[in-house]
Every structure is written in C-alpha cells, then in structure tokens.
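See below for the structure under consideration.
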C-alpha cells in the first residue's frame with residue numbers, strides 16, 4: 001500500500017495531518033533543492049561571463065589606447081618595437097587597425113559584462129547576435145578562400161604585375177613596400193625577375209633590383225646575372241611560409257572559434273534562464 005493510504009487507514013486525524021504535512025514538506029524540500037542548484041549554476045555562469053567579458057573589455061581598451069598612441073606619436077611608440085622597420089611603419093597603418101579592433105573588443109566586452117551583471121536580456125541577445133555575425137563572416141571568408149584558392153595566384157598576379165612594371169621605382173610607397181618584402185623573404189618580383197623586364201625601373205636603370213641577383217654587391221644585376229641567380233618569386237615564398245605555419249594558423253582559428261561558440265552558448269543560457277524566470 002502507498003504511504004498516504006496507510007496514513008488514512010491506520011493513523012488518527014491528527015497524525016494523518018502530520019503525515020501529509022511531512023510529505024508536502026519533502027516535495028517542497030526537493031523543489032527548493034533543485035531551485036538552489038539552478039540558481040547556483042546561473043550565478044556561476046553569470047560570474048564567468050562577467051569576468052571573461054571584463055577581460056575582453058580591458059584588452060580592447062588597451063589595444064585602442066595603443067592605436068591612439070601610434071597615431072598621435074608613432075615615432076616614440078616604434079622605438080620600443082625594434083622588429084618593426086620604417087617600411088612597415090609607413091606602409092601598415094597600425095594605429096587605425098588597432099583602434100578599430102580595440103573598439104570592437106571594447107563594445108563586445110561592455111555588452112557581455114553589462115548584460116550578465118544587470119541581467120538584461122536585450123544586451124545579452126545583442127552580444128549573442130554580434131558574435132554570431134562575426135562567426136558567420138569568418139566561416140564565409142574561410143569557405144571563399146578555400147573555394148577560390150586555385151585562383152589566388154592568377155588574381156594576385158593580375159594585380160601585382162602591372163604595378164611592378166609601371167610603378168616600381170616611380171611610386172615611393174609601392175617601391176618601399178616591394179623592397180621590404182623582397183628583402184625579408186629573399187625573393188624577386190611576383191613570379192621571378194622577368195616581372196621587371198620592360199618595366200619603368202629597368203628602362204630607367206638598365207638593371208634589375210639587387211634582390212633579384214646573388215652577389216649583386218660584386219656584379220651588376222643585369223639579365224644574365226638575374227637568370228643565373230634564379231631567385232624565386234615572392235608568391236612562392238609566401239605560399240611556402242604559410243604551408244609551414246598552417247598548423248599554427250589552424251590552431252589559432254580553432255581556438256578563436258571555440259571561444260566564440262562558448263561565448264554564444266553562455267550568453268544564450270543566461271538569456272533563456274532570465275526569459276524563463278520572467279514567465
């Protein structure tokens with residue numbers, strides 16, 4: 001027989017009331033225990049969300065501050081970064097790039113931190129939506145890069161070769177950029193030295209850039225020397241470097257994706273909990 005049937009059949013009315021009260025208390029205790037567990041889980045996830053986004057917010061602020069420093073006083077900033085050459089400093093606008101990335105990180109950190117701390121469903125869903133958009137954009141970019149990887153060399157050659165023939169030696173910005181690239185990667189042109197044949201630079205000086213020849217400090221870098229040296233093109237060098245670093249790039253991409261998915265999962269959990277609590 002069930003416990004309540006025994007209570008009804010055997011115990012007097014006062015004892016029956018105590019028995020039923022005990023049963024109701026047990027049910028209430030179980031519900032209270034489950035509620036405490038859920039509340040404890042919510043509090044823990046909320047704390048993780050706040051701390052994580054606070055770190056993102058601070059990192060974004062630091063990156064934006066560094067970008068402003070570079071923009072306002074680039075010379076003093078670059079003195080503490082010896083690996084960065086003057087060519088890199090002139091060609092890559094580090095300040096604007098840092099300010100942009102820092103602003104995005106600061107916005108995300110602020111939304112996530114305030115959304116979790118204030119228990120705001122609006123801020124949490126905004127945080128989730130921005131992370132989702134970034135994730136979709138990254139996936140689309142990866143798919144496009146994979147699909148069109150076979151056309152990469154053709155597209156880049158179409159863009160780079162005319163610039164080498166017409167602007168190298170004339171445009172200081174482009175000339176410095178190519179010189180920095182060829183010196184760093186120990187390469188010549190996009191494909192090889194023939195990219196400079198019949199170019200503005202060759203017509204002006206009758207020689208190829210010094211990076212296209214071995215021992216150019218001893219012998220002039222003419223066509224015979226360039227052909228004998230057979231210095232590889234920069235595109236092949238870049239592909240070679242990327243292939244050797246593909247595991248590192250893949251690991252970084254996987255780590256970033258995992259963080260983004262975790263952030264979306266946590267924000268959606270908090271949103272659903274608050275939504276259920278409101279109803």
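Numbering (the UniProt record's numbering), first residue to last: 1 to 279. Every residue, glycine too, gets a C-beta built ideally from N, C-alpha and C. Predicted model, so just to flag it, every value in this text is computed and none were measured.
Item	Value
Closest residue to residue 163 among 178, 154 and 153 (Cα-Cα distance)	178
Candidates 276, 256 and 45, of which the one nearest residue 132 by Cα	256
Test item: CB-CB of residue 156 and residue 101 under 8 Å	no
Residue environment, residue 99, which counts as buried when at least 16 other CB atoms sit within 10 Å	buried
Boundaries of the alpha helix (DSSP H) in which residue 192 is found, first to last residue	Premise fails: residue 192 is in no alpha helix (DSSP H) and is neither H nor E.
Supposed contact pair residue 234 and residue 189 - C-beta distance, whole angstroms, cut 8 Å	7 Å
Neighbour flag for residue 139 against chain D, beta carbons, 8 Å	The structure shown has no chain D; it contains just one protein chain.
For residue 259, the nearest candidate out of 46, 231 and 53 (CA to CA)	53
Beta-carbon gap between residue 169 and residue 161 smaller than 8 Å	no
Where the alpha helix (DSSP H) through residue 225 begins and ends	223-229
Length of the line joining the Cα atoms of residue 207 and residue 152	29 Å
Of the listed residues 171, 232 and 145, nearest to residue 183 (C-alpha basis)	232
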